[in-house]
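The structure appears right after this line, and notes come after that.
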Amino acid sequence: MTATLTDAKYDEVTEALKDVMDPELGINVVDLGLIYDLAWDDENDALVIHMTLTSAGCPLTDVLEDQTAQALDSVVDRFRINWVWMPPWGPEKITDDGRDMMRALGFAI
13 MTATLTDAKY DEVTEALKDV MDPELGINVV DLGLIYDLAW DDENDALVIH
63 MTLTSAGCPL TDVLEDQTAQ ALDSVVDRFR INWVWMPPWG PEKITDDGRD
113 MMRALGFAI
């Protein structure tokens, strides 16, 4: 069974996940809008990250999982990523900060 994170824990996890960079774009997964939800798995005492990718065929899930483990090392003891494909990711999910980062890289957003 999953539970909602406290506001403080949600903010702490979100800030930590900003250290996880999309290997192709060099922008963090939070501002790219790749994090769909964060929850707590009471049964396994672990953070559950509902996350997607910019494309379902992306071969870099291992890289993102490794970066996530490093980013969350001092935040939670255990986590798992639930890869989500619906709804599909689209540029409308990018935050305002993410849009600024994309523009700085030369993308027209």
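Letter by letter, the sequence shown follows residues 13 to 121 of our numbering.
Yeah, the Cβ is synthetic: ideal placement off N, Cα and C, and Gly gets one too.
DSSP three-state assignment for residue i, whether helix, strand or coil
i     : result
Arg90 : coil
Val32 : coil
Ala68 : coil
Leu76 : helix
Met13 : coil
Val25 : helix
Close-in-space but distant-in-sequence residues of the same chain around residue i (CB under 8 Å, 5 per side omitted)
i      : result
Pro35  : Leu72, Val75 and Leu76
Ile121 : Pro103, Ile106, Arg111, Met114 and Arg115
CB contact flag (residue i, residue j, <8 Å)
i      : j      : result
Asn94  : Ile61  : yes
Met114 : Ile106 : yes
Asp53  : Thr14  : yes
Whole-angstrom C-beta distance between residue j and residue i, which should lie under 8 Å
i     : j     : result
Leu17 : Ala51 : 7 Å
Same chain, Cβ closer than 6 Å to residue i, neighbours up to 5 away in sequence not counted
i      : result
Pro103 : none
Close Cβ partners of residue i (< 7 Å) along its chain, the five nearest in sequence each way excluded
i     : result
Ala83 : Ala28, Leu29, Asp31 and Val32
Glu24 : Val87
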